[in-house]
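Undergrad:
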Amino acid sequence: MKPRVAAIVLAAGRGERFGADKVNLSLGGKPVWRWSFEAFLAHPEVDEVGLVCAAEHVEAYRIAAPEAAFVVAGGASRQESSELGVQATQAEIVLVHDAARPFASTGLVSRVLEGVREAGAAAPSLPMTDTVKQRDGDAWRTLDRQALRTVQTPQGARRDLLLQAFEAARAEGRTCTDELSAMEAIGVRPALVEGDEGNMKITHPGDLEKALARFGTETRVGFGYDVHAFSDDPGRVLMLGGVAFEGHRALAGHSDADVLLHAIADAVLGAAGLPDIGHHFPNTDPEWKDRPSLDFVARAASLVSSEGWRVTNVDATLIAESPKIGPKREAIRAGIAAALGIEPDRVGIKATTHEGIGAMGRGEGISAHAVATLVRIRL
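Each number in the numbering used here comes from the position in the sequence shown (counting from 1) with 8 added on.
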């Protein structure tokens, strides 16, 4: 029977050298840890994937990663976190991977597993390309770089050997910087398999920029337009950009008839090639009766996000003889920005009259135009 394989993603570090919780930073639209987590999930030889994180984040990770076989709290050191992860699985072969390495490839994982099957433990490694110096008293001496290798993760081993190595390290008060050093201390001779230059580790802020440089971007622009006539219902309230204009004649519509937000929602949806708000929020559905249109904008942002898009800015123009929106412009921008998940300075709101021309000029209603820009990051 083929041994079960578990991959453990270590995300319990504090990011002290980085200066922040680096594994939860966004990279290509998802947290850094999620890249390697998903890579292991998709690997044909990996049976389960677990997460080790800081104790205060366990519940959040369980919600963010319902596919995880387990989510457990880590320890005070990498060694403790690794052991806690290994204890959480019963798989015969375990891969331990740093969440700060988001680009572990399928081939890399396969090579490590092959090394484990041959030697009981294995890790990917790369030759040194730079000259390496070592302090020797008051001087420096040059080491033979041909005899040196750098080591990456995932590091794999038979679970029983790894637990034995951790137990021995605890008993002897040793601190092991990685799984291989723990194995070597009990006499195991791990295999070093071919590493991957792309399997970089995010340690310092500059490393995140290097990781982001691996992505390409696609930009799209969407256009939205909407118009609503004024209502004769004295009980309705005029809503523009999610802000109430009390004392002004309201617009007619199934929802709150916020013409500005409807145009913005359509622009966002259109940029991603999705159907308009009439499809998603039909005026025949009682669920949307008198519904705040900021809900439509937030839903539009969620829909495009599920397609991998991120709204970067919107620019909208309101066409109305009245009211004057200037006094409430900043409140409108703030509400729209919150619904889209962007900063207020990425929201442009303007207004103009129709100079007395046509239906808008005669004050029969209000119309709005909007443009939305979306970006999708591609690996």
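Heads up, the beta-carbon is just placed ideally off N, CA and C, and yes, glycines get one too. Just so we're clear, the structure is a prediction, and the values are computed from it rather than from any experiment.
At which residues does the beta strand (DSSP E) containing H105 begin and terminate?
TA: Position 97 of the sequence shown holds residue 105. Its beta strand (DSSP E) spans residues I101 to D106.
Undergrad: Taking the alpha carbon of E315 as the reference point, which residue from R384, P132 and G206 has its own alpha carbon closest?
TA: Here residue 315 refers to the residue found at position 307 of the sequence shown. Ranking R384, P132 and G206 by Cα distance to E315 puts R384 first.
Undergrad: Identify every run of the beta strand (DSSP E) within the region 209-296, keeping only runs that are complete inside it and at least 3 residues long; order them along the chain.
TA: 224-237, 246-248 and 251-253
Undergrad: With C-beta atoms as the reference, is Q160 less than 7 angstroms away from P132?
TA: The sequence position of residue 160 within the sequence shown is 152, counting from 1. The sequence position of residue 132 within the sequence shown is 124, counting from 1. For Q160 and P132, yes; Cβs fall inside 7 angstroms.
Undergrad: Starting from the C-beta of R119, find all residues in its chain whose C-beta is less than 7 angstroms away, skip the five residues before and the five after it, and write them out in chain order.
TA: As a first step, residue 119 must be located in the sequence shown, where it is residue number 111. Within the same chain, R119 has close Cβ partners P132, V201 and E202.
Undergrad: Compute the minimum distance between the beta carbon of I210 and the heavy atoms of the ligand FAD, and state whether it is under 6 angstroms.
TA: As far as ligands go, the structure on display features none, and thus does not contain the ligand FAD.
Undergrad: So for D168, helix, strand or coil by DSSP?
TA: Walking along the sequence shown from the start, residue 168 turns up at place 160. Three-state result, D168: helix.
Undergrad: So which of F174, K10 and G181 has the shortest CA-CA distance to L188?
TA: Counting from one through the sequence shown, the residue named residue 188 turns up at place 180. It is F174.
Undergrad: Can you tell me which of E122, G249 and P162 puts its alpha carbon nearest to the alpha carbon of A436?
TA: Because the chain here runs from 9 to 387, residue 436 falls outside it and cannot be looked at.
Undergrad: Distance, Cα to Cα, L311 vs L277?
TA: For the purposes of this step, residue 311 is taken as the residue at position 303 of the sequence shown. For the purposes of this step, residue 277 is taken as the residue at position 269 of the sequence shown. The straight-line gap from Cα to Cα measures roughly 8 angstroms.
Undergrad: Tell me whether the beta-carbon of S90 lies closer than 7 angstroms to the beta-carbon of A20.
TA: In the sequence shown, counting from the first residue as 1, residue 90 sits at position 82. In the sequence shown, counting from the first residue as 1, residue 20 sits at position 12. Contact flag unset, no.
Undergrad: Which residue from P335, T360, N321 and I327 puts its Cα closest to that of L382?
TA: Looking up residue 382 in the sequence shown gives position 374. The shortest C-alpha separation from L382 is found at N321.
Undergrad: Going along the chain, which unbroken runs of the beta strand (DSSP E) with 3 or more residues stay wholly within the region 11-69?
TA: 13-19 and 56-61
Undergrad: Using the Cα positions of A275 and I340, report the straight-line distance between them to the nearest angstrom.
TA: In the sequence shown, counting from the first residue as 1, residue 275 sits at position 267. In the sequence shown, counting from the first residue as 1, residue 340 sits at position 332. Cα to Cα, A275 sits roughly 17 angstroms from I340.
Undergrad: Identify every residue that forms a DSSP beta bridge with A324.
TA: Residue mapping note: residue 324 aligns to position 316 of the sequence shown, counting from 1. Beta-bridge pairing links A324 to I357 and A378.
Undergrad: What residues in its chain sit with their C-beta under 6 angstroms from that of E329, if we drop five residues either side in the sequence?
TA: Working through the sequence shown from its first residue, we reach residue 329 at position 321. So the list reads T361 and G371, once near-sequence residues are dropped.
Undergrad: With a threshold of 8 angstroms, are at least 3 pairs of Cβ atoms found where one atom belongs to the region 94-108 and the other to the region 33-46?
TA: yes
Undergrad: Please go through the same chain and pick out, in chain order, the residues whose beta-carbon is closer than 8 angstroms to the beta-carbon of E363, but skip the five residues on each side of it.
TA: Against the sequence shown, residue 363 aligns to sequence position 355. Here the set comprises G369.
Undergrad: Assign E75 to one of three DSSP states: helix, strand, or coil.
TA: Within the sequence shown, the letter at position 67 stands for residue 75. Here E75 sits in coil by DSSP.
Undergrad: With a threshold of 7 angstroms on Cβ separation, who are the neighbours of G162 within its own chain once the five nearest residues in sequence on each side are excluded?
TA: Counted from its first residue, the sequence shown places residue 162 at position 154. What sits at residue 162 in the sequence shown is Pro, not Gly. Correct list, in chain order: A15, L103, V104, H105, A112, V117 and V120.
Undergrad: To the nearest whole angstrom, what separates the beta carbons of A258 and D234, a pair I think is in contact under 8 angstroms?
TA: As a position in the sequence shown, residue 258 is number 250, starting the count at 1. As a position in the sequence shown, residue 234 is number 226, starting the count at 1. At roughly 15 angstroms, the Cβ-Cβ gap does not stay under 8 angstroms, so A258 and D234 are not in contact.
Undergrad: Buried or exposed for M9, please, with buried defined as at least 16 other CB atoms from any protein chain shown within 10 angstroms of its CB.
TA: On the sequence shown, residue 9 is found 1 positions in, with the first residue counted as 1. Exposed.
Undergrad: Hey, would you say V60 sits closer than 7 angstroms to L18, going by beta carbons?
TA: Here residue 60 corresponds to residue number 52 of the sequence shown, with the count starting at 1. Here residue 18 corresponds to residue number 10 of the sequence shown, with the count starting at 1. Contact flag set, yes.
Undergrad: How about F238 and G373: are their beta carbons less than 7 angstroms apart?
TA: Position 230 of the sequence shown, counting from 1, holds the residue named residue 238. Position 365 of the sequence shown, counting from 1, holds the residue named residue 373. Contact: yes.
Undergrad: Tell me whether the beta-carbon of H51 lies closer than 7 angstroms to the beta-carbon of T114.
TA: As a working note, residue 51 is residue 43 in the sequence shown. As a working note, residue 114 is residue 106 in the sequence shown. Yes; because the gap between Cβ atoms is below 7 angstroms, this pair is in contact.
Undergrad: Helix, strand or coil for I385? Go by DSSP, reduced to three states.
TA: Translated into the one-based positions of the sequence shown, residue 385 becomes position 377. Looking at I385 - three-state DSSP - the assignment turns out to be strand.
Undergrad: Could you tell me which residues DSSP puts in a beta bridge with Q163?
TA: By 1-based counting over the sequence shown, the position of residue 163 is 155. BP columns for Q163 point to V104.
Undergrad: Write down the C-beta distance between K141 and R153 rounded to the nearest angstrom, noting that I regard them as a contact closer than 8 angstroms.
TA: Reading the sequence shown from its first residue, position 133 is the one you call residue 141. Reading the sequence shown from its first residue, position 145 is the one you call residue 153. Their Cβ separation, rounded to whole angstroms, is 10 angstroms, which puts K141 and R153 out of contact at 8 angstroms.
Undergrad: Between F78 and the rest of its own chain, which residues show a CB-CB distance below 6 angstroms, the 5 nearest in sequence each way excluded?
TA: Here residue 78 is taken as the residue at index 70 of the sequence shown, counted from 1. Excluding positions up to five away in sequence, the list reads G58 and A96.
Undergrad: Measure from the alpha carbon of A127 to the alpha carbon of each residue in I333, G281 and E192, then state which is nearest.
TA: Position 119 of the sequence shown, counted from the first residue, corresponds to residue 127. Residue E192 is the option with its Cα nearest to A127.
Undergrad: Spatial neighbours of A129 within its chain, please: CB distance less than 6 angstroms, with the 5 preceding and 5 following residues excluded, ordered by chain position.
TA: Mapped onto the sequence shown, residue 129 falls at position 121. The residues are A165, M191, V196 and P198.
Undergrad: Answer with buried or exposed for A6, where buried requires no fewer than 16 other C-beta atoms within 10 angstroms of its C-beta.
TA: As displayed, the chain neither begins before 9 nor continues past 387, which places residue 6 out of reach and without an answer.
Undergrad: Could you tell me which residues DSSP pairs with V80 in its beta bridges?
TA: Along the sequence shown, one-based indexing puts residue 80 at 72. Answer by DSSP bridge pairing, in chain order: V60.
Undergrad: Please list the terminal residues of the continuous beta strand (DSSP E) segment that includes L200.
TA: Within the sequence shown, residue 200 is the residue found at index 192, counting from 1. Counting along the chain, the unbroken beta strand (DSSP E) around L200 starts and ends at A199 to E202.
Undergrad: According to DSSP, which residues form a beta bridge with V319?
TA: Counted from its first residue, the sequence shown places residue 319 at position 311. Per DSSP, L382.
Undergrad: So, at 7 angstroms on beta carbons, what are the nonlocal neighbours of A410 in its own chain, with the 5 sequence-adjacent residues on each side left out?
TA: Any question about residue 410 goes unanswered here, given that the chain covers just 9 to 387.
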